[in-house]
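*Asks:* In the numbering used here, the protein residues as written are 143 to 270.
Note that the Cβ used here is the ideal one computed from N, Cα and C, for glycine as well.
Computed from a predicted structure; not experimentally measured.
Sharing a structure below in structure tokens format, with a few things to ask.
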């Protein structure tokens, strides 16, 4: 009789273990969205890590390295119809990459402000 396993106890342990794993996944997802995608120490477009003095430098709502900032300025100039591209590779496809990247940034912002995501953040915070 001593070798009989209490199935209820085992199910409860398994359920607790699953809840721990689910919570860890939630915490990691929230951390990545809130920290990694908006990291202050790297360029938002290419991921280049900034020197200490560049961390708080910000242009037009985005934190770019000098190279990405130059490209973004060129993109804005071109979509405003101010002349021809300075470089031949700043073609239609290049503009499309910027349009797509900007749309992605907007989608991330909207997701981070969605009621469901904010509920998840509150849930994770209340469990700490």
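Would you mind sorting residue 218 into buried or exposed? The rule is 16 or more other CB atoms within 10 Å of its CB.
*Replies:* exposed
*Asks:* Report all residues from its chain with a CB closer than 8 Å to the CB of residue 228; omit the five preceding and five following residues, and keep chain order.
*Replies:* 216.
*Asks:* Short of 7 Å in beta carbon distance, which residues of its chain neighbour residue 186, apart from the five on each side in sequence? Order them along the chain.
*Replies:* 204, 205 and 206
*Asks:* Quick check: residue 244 and residue 232, are their CB atoms within less than 8 Å of each other?
*Replies:* no
*Asks:* Can you tell me whether DSSP reads residue 206 as helix, strand or coil?
*Replies:* coil
*Asks:* Could you check whether residue 169 and residue 263 sit closer than 8 Å to each other, using their CB atoms as the reference points?
*Replies:* no
*Asks:* Rounded to a whole number of angstroms, what is the C-alpha to C-alpha distance between residue 159 and residue 165?
*Replies:* 10 Å
*Asks:* Is it buried or exposed for residue 188, if we count other Cβ within 10 angstroms and need 16 for buried?
*Replies:* exposed
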